[in-house]
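Residue numbers (my numbering): 10 to 320.
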């Protein structure tokens, strides 16, 4: 009973984060981008162009929902049912938020609005940062805002390509489509590109940054105590290397461990408590594959070979 309650609480917390992430994703579009006639990448960018082209007859909320209904099928078959359920939740919530946020003109980033910013160049920067944080939270907790997010998740599932870089490449063309609309200029394209760049940076920071790892070497006279803490206290593996001091000629044990960056403060604090004279070397590790870290992504060909070998 206690386990079920704990699991339910964990799922509820994840969905709460999805709600917050979805709001942070939808808000900059309706409060910053659309009121100023800007656009950006992805399906949402196409939806804003459609709204401009129809003089508001087809709002972002409507086209966003319709387009993503067709894309959900891809998520069910390739990314699994769990992904599909969360994607349906996020897409439905996004469409609702687009509709509701569009009804709050007092918050718009235009003259007279609460969030008015005189410098137009700052608008896509702020909007991109907020959108990137929101989108990063959604992706990190197994959801998707639909559209190009689905394709980004598929690519990232098979190849180690960050979502931010994928968006940066594919959305360049979408932003340029704004030039097909009347009264739009090259500066509008620049605003869209600027938002994409800022958003990509924040998406990478939220999604990938949390998974970054470090390699730690520990030189200490109390290596046994430190190793026991790593094994039992943190449930991480540790490798004991036999070394010899170049100056003293003494035999020593050096601890080698791979941990998440967020675990480093706890490790260094504990090492200091155990041995104040310990020497610690920390090196960033961009890619760590194996148990407790990331799965090796070999691509579709690798998956086919794996299935053949099993059969």
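The beta-carbon is built from N, C-alpha and C at its ideal position, and this holds for glycine as well.
- Taking all protein chains shown into account, residue 39 has 16 or more neighbouring C-beta atoms within 10 Å of its C-beta and is therefore buried.
- Scanning the stretch 157 to 232 from its first residue to its last, the whole beta strand (DSSP E) runs of 3-plus residues come out as 222 to 228.
- Between residue 212 and residue 141, the CB-CB gap stays under 7 Å.
- Inclusion of residue 155 and residue 77 in the CB contact set at 7 Å is warranted, their separation being smaller than that value.
- Between residue 223 and residue 292 the beta-carbon gap is near 7 Å, inside 8 Å, which marks them as a contact.
- Cα atoms of residue 44 and residue 98: separation of roughly 26 Å, rounded to the nearest angstrom.
- Going by beta carbons, residue 203 and residue 133 fall inside the 7 Å limit.
- Under the 8 Å Cβ criterion, the stretch 188 to 195 does not count as touching the stretch 240 to 249, having fewer than three qualifying pairs.
- For residue 119, the three-state secondary structure derived from DSSP is coil.
- One Cα belongs to residue 232, the other to residue 259, and the distance between them is close to 15 Å.
- A residue is called buried when at least 16 other Cβ atoms come within 10 angstroms of its Cβ; residue 114 does not meet this threshold and is exposed.
- In this chain, the beta strand (DSSP E) harbouring residue 253 covers 248 to 253.
- According to DSSP, residue pairing for residue 289 in a beta bridge involves 227.
- Under the three-state reduction of DSSP output, residue 281 falls in the helix class.
- Pairing residue 41 with residue 111 gives a Cβ-Cβ distance that is not under 7 Å.
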